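For the sequence shown, the residue numbers in the numbering used here are 49 to 449. Here the structure comes first, spelled out in structure tokens, and everything after it is commentary.
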Amino acid sequence: MKELETLSRRRFLQNGSVFFGASALAMFASAESAGLNEPPLIAGKSGLRILNDRPLNAEALPHLLVDAVTPTRHMFIRNNGVPPVGVDPSGWRLNIGGESIIRPLRLSIKDLRSRYQNVSLQLTLECGGNGRAEFDPSVPGNQWTLGAVGCPLWHGVRVRDVLEDAGLKNDAVYLAFHGADTHLSGDPEKEVISRGVPIEKAMADDALIAWGMNDGDLHPMNGHPLRLVVAGWPASASGKWLTGLSVRNQVHDGAKMGGQSYRVPKNPVAPGSVVDDSSMKIIGAMPVKSLLSVPQTGVRHDRGQQLKVSGHAWVGDAQVVSVDLSTDFGQTWQRASLQVPANVGAWQQFSAALVFPAVGYYEIWSRATDSNGLSQPMVLPGWNPKGYLNNACHRVAVHVV
Ligand SMILES: Nc1nc2c(c(=O)[nH]1)N[C@H]1C(S)=C(S)[C@@H](COP(=O)(O)O)O[C@H]1N2
Ligand SMILES: [Mo]
Numbered sequence: 049m050k051e052l053e054t055l056s057r058r059r060f061l062q063n064g065s066v067f068f069g070a071s072a073l074a075m076f077a078s079a080e081s082a083g084l085n086e087p088p089l090i091a092g093k094s095g096l097r098i099l100n101d102r103p104l105n106a107e108a109l110p111h112l113l114v115d116a117v118t119p120t121r122h123m124f125i126r127n128n129g130v131p132p133v134g135v136d137p138s139g140w141r142l143n144i145g146g147e148s149i150i151r152p153l154r155l156s157i158k159d160l161r162s163r164y165q166n167v168s169l170q171l172t173l174e175c176g177g178n179g180r181a182e183f184d185p186s187v188p189g190n191q192w193t194l195g196a197v198g199c200p201l202w203h204g205v206r207v208r209d210v211l212e213d214a215g216l217k218n219d220a221v222y223l224a225f226h227g228a229d230t231h232l233s234g235d236p237e238k239e240v241i242s243r244g245v246p247i248e249k250a251m252a253d254d255a256l257i258a259w260g261m262n263d264g265d266l267h268p269m270n271g272h273p274l275r276l277v278v279a280g281w282p283a284s285a286s287g288k289w290l291t292g293l294s295v296r297n298q299v300h301d302g303a304k305m306g307g308q309s310y311r312v313p314k315n316p317v318a319p320g321s322v323v324d325d326s327s328m329k330i331i332g333a334m335p336v337k338s339l340l341s342v343p344q345t346g347v348r349h350d351r352g353q354q355l356k357v358s359g360h361a362w363v364g365d366a367q368v369v370s371v372d373l374s375t376d377f378g379q380t381w382q383r384a385s386l387q388v389p390a391n392v393g394a395w396q397q398f399s400a401a402l403v404f405p406a407v408g409y410y411e412i413w414s415r416a417t418d419s420n421g422l423s424q425p426m427v428l429p430g431w432n433p434k435g436y437l438n439n440a441c442h443r444v445a446v447h448v449v
């Protein structure tokens, strides 16, 4: 990428892409004005909005996330460091170790494929910071709007099968990952990110060590040749370019596990508060959320016709039980039809046909409810210093003519 291009694109992004905000008209900021990855700047990706180029971060646009199974080209990219280059899948090794492993293993991808049951599962990954752009007061970090989420089909083996082979000691508490990317500082001693999940989640059905997506290899920016995929938890727990798994006898203390990273206040705080590290907790399962992928915001719609509406709804470690839609700013709601997930950990599709009483400006709001009885808030939920867990209702604008 040429530096000049990058600079002008950045400026364009700053001025051209307002997805949220007090002004409803701001929602008309269209895909075309959003600094897209068109023509392809990242091989194998298309329709991504680039937020940052070092490290590379790019999100999908809601109206392009129409498929039940997210195509590789539309899967978002969230890098914290510099991805490995010259990756050789046949020489790749995964080390299984840590204090709470009985028999450490060193496995090739061939070993993984041949020794354990191969599974293909559709698993949702959402960045913990998806929706950060809406925080007020604003917070630093990638200004994700809506598209740091996707649900491709992943191919691999269950983490559980590999850990059971290595044998877990009774004191196992946490699964940690190690990746082959390098720190932005260039310091080879510094890990970019080494996070993970409690051992119970690692042993669940929807935690995979994956070598493929959508019937092909992993995309280089999505972790080729090997990654962790832990559905429903902040995607930061799903280590890319996976070289190691450590089973720890304590809550993992790797890079970006502590301080303010991927952590939220234990108790709600007023917007703009400074929160001490000791008053923060690690983010667990992601909250219930939905995304309208049809229609594209700003659409013009003929009043005489029904408007077909569809999208996806998801939640970590639970199931979505209903999705409701409003066209009158939340005064009344109507139930959408909702599909069951393809498998545990996959997002669910909803659809409806809407009619509008008169011409004019409308918004469609979508609100999902999960099996724990929790629904999406209509406004930004609990402000937090790093802008995580924004699961406010998605809103798209419609001009009825
Ligand atoms: N090794 C490594 N793994 C990583 C990251 C990273 O920077 N390095 N980013 C994490 C974060 S914050 C997210 S949101 C997801 C993004 O996965 P994706 O880029 O495949 O969409 O990868 C996670 N795994
Ligand atoms: Mo993330």
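Every residue gets a Cβ at the ideal spot worked out from N, C-alpha and C, and that includes glycine. Since the structure is predicted, the reported quantities are computational estimates derived from the model, not experimental observations.
{"Check": "Within 8 Å, do at least three Cβ pairs link the segment 396–407 to the segment 134–152?", "Outcome": "no"}
{"Check": "Just to check my reading of the structure: A196 and N218 have Cβ atoms closer than 8 Å, yes? What is that Cβ distance to the nearest angstrom?", "Outcome": "Not confirmed; about 37 Å, so no contact."}
{"Check": "Determine the closest residue to A233 out of W281, A401, V130, with distance taken between C-alpha atoms.", "Outcome": "For clarity, residue 233 is Ser in the given sequence; the question names Ala instead. The shortest Cα separation from S233 among W281, A401, V130 belongs to V130."}
{"Check": "Closer than 8 Å is the cut-off here; do at least three beta carbon pairs connect the segment 416–434 with the segment 222–240?", "Outcome": "no"}
{"Check": "Does the Cβ of A400 have 16 or more other Cβ atoms within 10 Å, making it buried, or fewer, making it exposed?", "Outcome": "buried"}
{"Check": "With a threshold of 6 Å on Cβ separation, who are the neighbours of M305 within its own chain once the five nearest residues in sequence on each side are excluded?", "Outcome": "R243"}
{"Check": "Among A220, T118, G146, L84, which residue has its Cα nearest to the Cα of P246?", "Outcome": "A220"}
{"Check": "Taking Cβ positions, are G204 and I257 nearer each other than 7 Å?", "Outcome": "yes"}
{"Check": "In whole angstroms, what is the alpha-carbon distance linking L142 and G292?", "Outcome": "5 Å"}
{"Check": "When you compare the CB positions of A333 and Q170, do they come within less than 7 Å of one another, or not?", "Outcome": "no"}
{"Check": "By the 10 Å Cβ neighbour count, where 16 or more other Cβ atoms means buried, how is K288 classified, buried or exposed?", "Outcome": "buried"}
{"Check": "How would you write the range of the alpha helix (DSSP H) that S138 sits in, first residue to last?", "Outcome": "S138 -> no alpha helix (DSSP H), and no H or E assigned at all."}
{"Check": "Can you list, in chain order, the stretches of the alpha helix (DSSP H) that have 4 or more residues and sit fully within the segment 203–247?", "Outcome": "207–214"}
{"Check": "For the segment 95–156, which segments carrying the beta strand (DSSP E) assignment without a break, of at least 3 residues, lie completely within its bounds, in sequence order?", "Outcome": "96–101, 104–108, 141–145, 153–156"}
{"Check": "Would you say the beta carbon of A366 comes nearer than 6 Å to a heavy atom of ligand 2?", "Outcome": "no"}
{"Check": "State the Cα-Cα distance for the pair H442 and S414, rounded to the nearest angstrom.", "Outcome": "6 Å"}
{"Check": "Report the three-state DSSP secondary structure of S186 (helix, strand or coil).", "Outcome": "coil"}
{"Check": "Select from S385, P335, V295, G139 the residue whose C-alpha is nearest the C-alpha of H272.", "Outcome": "G139"}
{"Check": "Distance, Cα to Cα, M251 vs S341?", "Outcome": "33 Å"}
{"Check": "Just tell me which of D365, Q344, G364, G215 has its CA closest to the CA of L480.", "Outcome": "Because residue 480 is not part of the residues shown, which for the chain are 49 to 449, the question remains open."}
{"Check": "Using a 10 Å radius around the Cβ and a threshold of 16 neighbouring Cβ atoms, would you call P200 buried or exposed?", "Outcome": "buried"}
{"Check": "Tell me whether Y436 is buried or exposed, calling it buried when 16 or more other Cβ atoms sit within 10 Å of its Cβ.", "Outcome": "buried"}
{"Check": "Using CA atoms only, rank isn't needed, just tell me which of C175, N105, G146, Q308 is closest to L216.", "Outcome": "G146"}
{"Check": "I need the straight-line Cα distance from V114 to N297, nearest angstrom please.", "Outcome": "42 Å"}
{"Check": "Is G227 near ligand 1, with its Cβ less than 6 Å from a heavy atom?", "Outcome": "yes"}
{"Check": "Taking the beta carbon of F377 as the centre, do at least 16 other beta carbons fall within 10 Å, making it buried, or is it exposed?", "Outcome": "exposed"}
{"Check": "At the level of alpha carbons, what is the spacing between H360 and L339?", "Outcome": "5 Å"}
{"Check": "Just to confirm, does I125 get its C-beta within under 6 Å of one of the non-hydrogen atoms of ligand 1?", "Outcome": "yes"}
{"Check": "DSSP three-state call for M426: helix, strand or coil?", "Outcome": "coil"}
{"Check": "Please work out which residues of its chain come closer than 6 Å, Cβ to Cβ, to M123, disregarding the five sequence neighbours upstream and downstream, and give them in chain order.", "Outcome": "G198, P200, N270"}
{"Check": "Is it buried or exposed for P335, if we count other Cβ within 10 angstroms and need 16 for buried?", "Outcome": "buried"}
{"Check": "Check each candidate in P110, V368, D350 and name the one with the smallest Cα separation from V392.", "Outcome": "V368"}
{"Check": "Residues in the same chain with beta-carbon distance under 7 Å from P185, minus the five sequence neighbours each way, listed in chain order, please.", "Outcome": "P319, G320"}
{"Check": "Taking only beta-carbon positions, decide if A333 is within less than 7 Å of chain D.", "Outcome": "In the structure shown, chain D cannot be found, because there is only a single protein chain."}
{"Check": "Measuring alpha carbon to alpha carbon, tell me which residue in R163, P316, N128, L274 is nearest R104.", "Outcome": "Checking the sequence shown, residue 104 turns out to be Leu, not Arg. Taking only the C-alpha atoms, the option nearest L104 is N128."}
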